[in-house]
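Input: a single structure, listed below in structure tokens.
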Amino acid sequence: PKTGMDRPTYQGVSLDEFTAGNDRIMWTKSYYDEWTETCAKILEDPKYAGRFIMPAHGYNMYDFEKSTAFLRMFIDHGSPLIEEWYLFERDTEEQAWVYINESGAAIEHRWKKEIPGYTEMAIKLISYLQREMWNPGVNFKVHLEIQVEHFATRPEFFGLGGIAAYSSYNCNNEEYVRWFSELCRHYGLEGNTERLGTDPYEPDQISNPDFIDGTKNWTLQPAEKDSMIVKSHKGYATMQEREPFRPWTAISFLWTRRSAEKPNVFSQEIRNLEAGRLYIARVWIGDYTDLKAGKLKGKKCAVNIRVDGGDVWDDWYRTRAYRGKKSNMFTARGCQVQQIIFRAKGPTATLVISDWESDAEPGGAIGQELIFNNIDVHPFLEP
Numbered sequence: 006p007k008t009g010m011d012r013p014t015y016q017g018v019s020l021d022e023f024t025a026g027n028d029r030i031m032w033t034k035s036y037y038d039e040w041t042e043t044c045a046k047i048l049e050d051p052k053y054a055g056r057f058i059m060p061a062h063g064y065n066m067y068d069f070e071k072s073t074a075f076l077r078m079f080i081d082h083g084s085p086l087i088e089e090w091y092l093f094e095r096d097t098e099e100q101a102w103v104y105i106n107e108s109g110a111a112i113e114h115r116w117k118k119e120i121p122g123y124t125e126m127a128i129k130l131i132s133y134l135q136r137e138m139w140n141p142g143v144n145f146k147v148h149l150e151i152q153v154e155h156f157a158t159r160p161e162f163f164g165l166g167g168i169a170a171y172s173s174y175n176c177n178n179e180e181y182v183r184w185f186s187e188l189c190r191h192y193g194l195e196g197n198t199e200r201l202g203t204d205p206y207e208p209d210q211i212s213n214p215d216f217i218d219g220t221k222n223w224t225l226q227p228a229e230k231d232s233m234i235v236k237s238h239k240g241y242a243t244m245q246e247r248e249p250f251r252p253w254t255a256i257s258f259l260w261t262r263r264s265a266e267k268p269n270v271f272s273q274e275i276r277n278l279e280a281g282r283l284y285i286a287r288v289w290i291g292d293y294t295d296l297k298a299g300k301l302k303g304k305k306c307a308v309n310i311r312v313d314g315g316d317v318w319d320d321w322y323r324t325r326a327y328r329g330k331k332s333n334m335f336t337a338r339g340c341q342v343q344q345i346i347f348r349a350k351g352p353t354a355t356l357v358i359s360d361w362e363s364d365a366e367p368g369g370a371i372g373q374e375l376i377f378n379n380i381d382v383h384p385f386l387e388p
């Protein structure tokens with residue numbers, strides 16, 4: 006905080022994070038009286054003239070007297086507010102629009118009524134944390150855009166203080182950081198109201214990405230008998246930081262046991278491609294033995310991904326996205342995500358995945374049990 010309030014290159018600090026309540030918030034003392042008094046003193050101190058203190062806050066702060074008074078104080082002192090607006094994907098665009106409207110325009114009048122001047126001082130903070138992009142059947146870039154479009158086109162947000170996204174250092178795909186920057190330019194700087202992107206909310210490149218329908222639409226080539234089976238496990242999706250799932254919710258996946266003879270291979274045709282356009286295929290992998298033990302340890306899961314009918318785009322992006330061995334609270338625990346970016350040659354291609362590192366080398370322990378799901382293929386934003 007000292008840096009933000011003292012150095013000439015900064016304009017202030019943000020405080021993270023506050024939620025609705027009076028003297029207590031759930032089981033914790035709120036200290037709203039103390040926070041309000043202390044922050045007001047700092048903002049009124051001539052030493053900090055022109056500096057901001059910006060609280061990051063959650064939903065329905067206006068429902069409680071003390072959290073409302075807390076936010077009013079900042080507006081009275083000319084300091085912006087940061088509203089955390091973290092909306093995860095829905096199954097369809099129609100569902101997403103209902104969700105966005107209910108969380109945005111439909112309740113903005115409540116903020117304005119209880120906290121006069123709120124809209125003009127509010128920065129709506131959209132999320133591209135992993136937990137929001139839980140559904141491989143959705144193009145998250147479209148989900149991001151319709152949120153920004155909502156703020157840019159609804160009259161309830163006329164004069165809105167700003168928009169932002171949280172957070173670039175926790176986002177598991179740099180593509181989304183670049184895309185959000187383009188949305189800010191398109192809607193914010195250039196003042197456009199029509200869509201920037203043309204892709205559908207539900208991409209139709211592959212189907213059954215979580216093996217919910219068993220092996221439907223997938224072609225399996227087991228290395229040996231019973232070395233490839235669809236299984237499920239309660240809590241695995243929460244380890245993947247997929248927001249709607251809970252520890253008691255089972256999620257399905259394809260299980261393989263690595264053979265010494267040859268790899269287990271599964272594949273699916275990728276459809277509706279545009280020749281010459283870039284696409285990204287991402288696969289989530291875990292160690293089944295660790296999963297059964299209750300904790301993914303982030304050990305290496307040797308696999309191979311290729312796209313027949315696509316040229317690998319060999320730039321500074323690499324095929325390994327990350328392993329969550331030392332991940333923080335906002336990313337998947339102990340999961341491995343592997344990706345390949347390719348340029349389509351024609352309208353179709355084939356995604357091929359195996360549990361060997363290459364056609365000639367296993368690359369990992371024989372007998373290791375791996376699990377695959379959350380397989381996502383969508384158009385990739387070309388730099």
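Quick note: the sequence shown uses our numbering, first residue 6, plus one each step. Even for Gly, the Cβ is constructed at its ideal location relative to N, Cα and C. In this text the structure is predicted, and so the values were computed from the model without any measurement.
In the DSSP assignment, R200 forms no beta bridge with any residue.
Of all C-beta pairs linking the region 220-236 to the region 159-179, fewer than three are shorter than 8 Å, placing the two stretches out of contact. Taking a contact to require three or more Cβ pairs closer than 8 Å, the region 117-130 and the region 70-77 qualify as touching. The region 174-189 makes no contact with the region 204-219; the number of CB pairs closer than 8 Å stays below 3.
Take the alpha-carbon of E374 and the one of I358: they are about 15 Å apart. Your pair E387 and L283 checks out as a contact, with CB atoms roughly 5 Å apart and the cut at 8 Å. Look at the beta carbons and you see the region 293-302 touching the region 336-356: at least three pairs across the two are nearer than 8 Å.
Between the alpha carbons of G281 and D215 lies a gap of roughly 28 Å. Rounded to the nearest whole angstrom, the CA to CA distance from I380 to F250 is 17 Å. A255 and H238 have their C-alpha atoms some 5 Å from each other.
In the structure shown, P51 adopts helical secondary structure according to DSSP, grouped into three states.
CA-CA distance, R95 to H155, rounds to 16 Å. Excluding five sequence positions before and after R262, the CB atoms of its chain that fall closer than 6 Å to its own CB belong to S232 and E374, given in chain order. Apart from sequence neighbours up to five positions away, the residues of its chain that approach Y104 with a beta-carbon distance below 7 Å are L92 and R95, ordered along the chain. Each residue's CA atom was taken as its position, placing L194 and A157 some 11 Å apart. A direct Cα-to-Cα measurement between L296 and A242 gives close to 11 Å.
With respect to the 8 Å criterion, M66 and A45 are not classified as neighbours on the basis of their beta carbons. A25 sits away from L130, with the two beta carbons spaced by 8 Å or more.
The three-state secondary structure of S132, taken from DSSP, is strand. If you look at F145, you'll find it isn't in any beta strand (DSSP E); it sits in the alpha helix (DSSP H) that goes F145 to T158. In this structure, the CA atom of F145 is about 39 Å from the CA atom of E266. K7 carries a helical assignment under DSSP once its states are collapsed to helix, strand and coil. T355 is bridged by DSSP to E274 and D313. CA-to-CA, the gap between K230 and L259 works out to about 15 Å. Secondary structure in the region 51-79: the beta strand (DSSP E) runs of 3 residues or longer, each lying completely within the stretch, are 57-62 in chain order. Spanning the alpha carbons of P367 and F57 requires a straight line of approximately 56 Å.
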